[in-house]
Structures are given as C-alpha cells and as structure tokens.
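Quick notes on the structure that follows.
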Amino acid sequence: MRKTLLALAGLALAAMSALLVAPATATAAPVSTQALVTSHFSGTVAPGGTQHWGWNNAPQGLSYVVGLSPKGASTTLPCLFEVTRTWYVQNFGGEREFHYTIKNIGSIACGTDIYLYSLPDAAGVWSTGGVNPGQTVTKHWNNANPLNAAYVVGLSPTGATSTVACQFEVTREWYQQQPGGEREFWFNVKNVGSIACTAEILLGVKTTSTIISTGTLGPAAEQSKTWNNANPLSAAYIVGFSPSGASASTPCQFELTRGYYAQVINSNGATEREFRQTVKNVGAITCSASKLLAVA
449 MRKTLLALAG LALAAMSALL VAPATATAAP VSTQALVTSH FSGTVAPGGT
499 QHWGWNNAPQ GLSYVVGLSP KGASTTLPCL FEVTRTWYVQ NFGGEREFHY
549 TIKNIGSIAC GTDIYLYSLP DAAGVWSTGG VNPGQTVTKH WNNANPLNAA
599 YVVGLSPTGA TSTVACQFEV TREWYQQQPG GEREFWFNVK NVGSIACTAE
649 ILLGVKTTST IISTGTLGPA AEQSKTWNNA NPLSAAYIVG FSPSGASAST
699 PCQFELTRGY YAQVINSNGA TEREFRQTVK NVGAITCSAS KLLAVA
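If you want this note's numbering, it's the position in the sequence shown, counting the first as 1, plus 448.
And the structure:
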C-alpha cells in the first residue's frame with residue numbers, strides 16, 4: 449500500500465503524495481535492530497518555519513525515530529534543524545500513523561535531509577489504560593538494563609471512532625538511578641486528541657559504546673555539548689542516561705531537554721554535521737550520569 453507524507457510549512461498546510469510518506473514492572477530488555485524506513489529532503493525552510501510530516505500505515509509493533517542532516521550553511525552561519533514534536537494516531541478502521549514536526553531554528557533559510565527509522569518492540573507491549581483528552585499518564589520501565597541501552601517510546605493508539613482519531617504523544621522522557629542502584633526509564637504519555645481512548649506502549653532499544661560523562665551536576669543544573677562530525681550523515685541519534693550517585697533515600701535523575709542538528713562550514717571550507725544536546729539534572733540531589741549516544 450502506498451505511503452503518504454503530509455507537510456506543514458509555517459501555518460500553511462500542504463498535502464503531498466509520495467512513495468515516502470502506573471509504573472510497570474519489567475525485566476531486562478534485549479537489544480533490537482533498526483531499519484531505515486524512508487528518507488527525503490525538506491526543501492528550503494525559512495528561519496522559524498516548520499514542517500509537519502506523517503507516515504501512514506505504520507505497522508503496529510514499531511517505534512520511530514527521526515534524524516536530520518541540515519544543508520545550506522553559510523561560511524558565517526550554521527543551518528540548524530530540530531524535531532520539535534512526535535506523536536502517533538489511530539484512524540477509524542485501525543490505520544496507525546506516525547507524525548512529526550521539524551523546525552528551522554537557525555537564522556538563515558536552508559533545508560535538511562530527513563531520515564525516518566523504525567525500531568521493533570523489545571519489551572512486550574503494555575497499555576496506558578483509558579486516558580481522557582488532555583490527560584497525561586506517567587509510566588516507567590524497571591531494571592532498564594544493560595546500562596548502555598537507550599530507549600525510544602512508541603505508541604499504538606486504539607479507540608478511534610468513525611469521525612475522530614485517537615492521538616497520543618510522549619511529552620517527556622528521563623532516567624533514574626534508585627537508592628538501591630536500579631536504573632529506571634520514565635516517560636509521560638499524553639492524550640493529544642479530542643476523545644478518551646487508550647494506547648499500547650512499545651519500547652525500542654539501542655545499545656552504544658559512545659558513553660560520555662556529564663560530570664557532577666547540581667539539582668536543576670544544565671549542560672550543553674556538541675557531538676562533532678556526527679557521521680554518517682544519515683544517522684539518527686538516541687540519547688540515554690545511566691545516572692550515578694543516588695543517596696540512601698533519593699534517586700539521581702537526568703533528562704535530555706533538547707537535541708538538534710547543525711551543519712557548519714569550517715575555516716578550511718569543509719562542511720561538518722553536528723548533533724547538539726542539552727542535559728539536565730532533574731532530581732533533588734547533586735549527582736552525575738553517563739550520557740549514552742546511540743545511533744539508528
């Protein structure tokens with residue numbers, strides 16, 4: 449069946465057809481492999497401009513992650529793009545869709561190659577339960593091992609009516625080390641539609657050998673870093689954490705608060721892709737974390 453991609457630039461909607469188109473108890477998850485689903489070019493996007501893309505007929509058991517490779521940097525200004533939102537939709541009849549929004553967050557008009565990857569579920573699905581429109585539920589995955597694994601949450605909504613879709617979004621993800629040393633992966637799921645419905649939760653998993661210490665950060669402290677030469681250009685980055693330093697009564701907690709892609713032109717004229725990240729200690733104690741840079 450043919451796929452359809454829908455693009456939204458700024459506030460203007462344009463349809464485009466193409467071949468693209470309560471806490472849980474858990475055990476350690478196996479490592480999963482990813483697949484490149486599709487790739488395409490955004491076209492030129494003005495500074496501050498956005499595009500909305502959707503992947504139709506998305507198989508039920510997959511989580512999705514988007515990578516960007518900006519193009520069009522000048523010798524003085526980078527080309528900067530960010531994935532600002534991702535969400536899942538079930539239409540009447542059962543069709544599942546994955547949607548995402550990208551934004552030119554730089555100061556020059558430029559474009560980006562877009563790479564959409566899928567990750568199979570590695571944890572066994574479980575349900576959000578019934579969720580009202582606008583309501584958020586918090587879930588977590590216990591014993592989030594191995595410690596070098598980063599997680600991607602996928603959702604499979606269910607309960608669409610003949611006139612209204614069921615829509616869910618992951619609005620936040622973070623990692624904890626509990627006082628006893630157990631690592632946990634936490635996330636918030638929000639019903640962003642207009643009807644009460646449910647969603648099955650899927651967990652994609654990627655392990656990595658690229659591990660960077662955050663150093664010690666106090667509560668609410670943030671740290672911004674750049675991963676240079678973010679090659680291959682088709683790579684999509686998945687950031688995870690293995691926090692360390694929980695006290696006898698208080699967990700150590702870390703979160704990625706922002707991640708985006710840049711193209712810069714170096715002084716020698718060579719172009720370089722970068723992945724820039726901001727991390728935050730979202731807990732109540734001073735501690736540290738191993739930051740995991742996994743690649744899809």
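Just so you know, even glycine gets a beta-carbon here, dropped at the ideal spot from N, CA and C. What you are looking at is a predicted structure, and each value in this text was computed from that prediction instead of being measured.
Legend entry - Selected residue, minimal CA-CA separation from Val-537, among Asp-561, Ser-511, Gln-725 and Glu-530: When only C-alpha atoms are compared, the closest one is Ser-511.
Legend entry - Under 9 Å between C-beta atoms of Leu-484 and Asp-561: Cβ atoms of Leu-484 and Asp-561: not closer than 9 Å.
Inset, instruction - Would you list the one or two residues that DSSP bridges to Asn-552? - result: Note: Asn-552 sits in a beta bridge opposite Phe-529.
Legend entry - C-alpha distance - Cys-527 paired with Ala-557, whole-angstrom precision: C-alpha of Cys-527 to C-alpha of Ala-557: approximately 8 Å in a straight line.
Legend entry - Sequence-distant residues of the same chain with beta carbon closer than 7 Å to Thr-473, five excluded per side: Residue confidence for Thr-473 is low, a pLDDT of 36 falling below 50, so the modelled location carries little weight and cannot support an answer.
Inset, instruction - Rank Ala-718, Asn-636, Thr-705 and Lys-728 by C-alpha distance to the C-alpha of Gly-520 and give the top, closest one. - result: Closest option to Gly-520, Cα to Cα, is Ala-718.
Inset, instruction - Figure out for me which residue from Ala-737, Thr-734 and Thr-534 has the closest Cα to the Cα of Asn-639. - result: The residue from Ala-737, Thr-734 and Thr-534 with its alpha-carbon nearest to that of Asn-639 is Thr-534.
Legend entry - Exposure label - Cys-735; buried when at least 16 CB within 10 Å: Buried, since its Cβ has 16 or more Cβ neighbours within 10 Å.
Legend entry - Touching by the beta-carbon criterion (3+ pairs, under 8 Å), the region 724 to 734 and the region 697 to 716: Enough Cβ pairs lie closer than 8 Å, so yes.
Inset, instruction - Return the chain-ordered list of same chain residues with a C-beta closer than 7 Å to the C-beta of Gln-626, the five sequence neighbours on each side being excluded. - result: Glu-632, Ala-694 and Pro-699.
Inset, instruction - Assuming Val-579 contacts Leu-603 (C-beta within less than 8 Å), just tell me the rounded distance between them. - result: Contact check for Val-579 and Leu-603: beta-carbon distance about 11 Å, past the 8 Å limit, so the pair fails to qualify.
Inset, instruction - Go ahead and pull the three-state DSSP assignment for Ile-733. - result: Correct three-state label for Ile-733: coil.
Inset, instruction - Assign Ala-598 to one of three DSSP states: helix, strand, or coil. - result: In the structure shown, the three-state DSSP call for Ala-598 is strand.
Legend entry - Buried or exposed by the 16-neighbour rule on C-beta atoms within 10 Å, applied to Gly-663: Gly-663 comes out exposed.
Inset, instruction - Would you list, in sequence order, the uninterrupted beta strand (DSSP E) runs of no fewer than 3 residues that lie entirely inside the region 619 to 643? - result: Those beta strand (DSSP E) runs which fall completely within the region 619 to 643 and span 3+ residues are 631 to 639.
Inset, instruction - Kindly indicate which three-state DSSP category Val-537 falls into: helix, strand or coil? - result: Under the three-state reduction of DSSP, Val-537 is assigned to strand.
Inset, instruction - Sort Ile-713, Thr-658 and Leu-516 by Cα distance to Thr-486 and report the nearest one. - result: If we check each option's Cα against that of Thr-486, Leu-516 comes out closest.
Inset, instruction - Count the other CB atoms, across all protein chains shown, that sit within 10 Å of the CB of Gly-554; report buried if there are 16 or more and exposed otherwise. - result: Gly-554 comes out buried.
Inset, instruction - Determine the DSSP secondary structure at Pro-667, reduced to helix, strand or coil. - result: If DSSP states are grouped into helix, strand and coil, Pro-667 belongs with coil.
Inset, instruction - Could you check if Gly-641 is buried or exposed, using at least 16 other CB atoms within 10 Å of its CB as the buried criterion? - result: It counts as buried.
Inset, instruction - Using three-state DSSP, classify Pro-568 as helix, strand or coil. - result: Three-state DSSP puts Pro-568 in a strand.
Legend entry - Nearest neighbour of Ser-657, chosen from Pro-594, Ala-669, Asn-716 and Glu-670 [CA to CA]: Selected option, being the one with the closest Cα: Pro-594.
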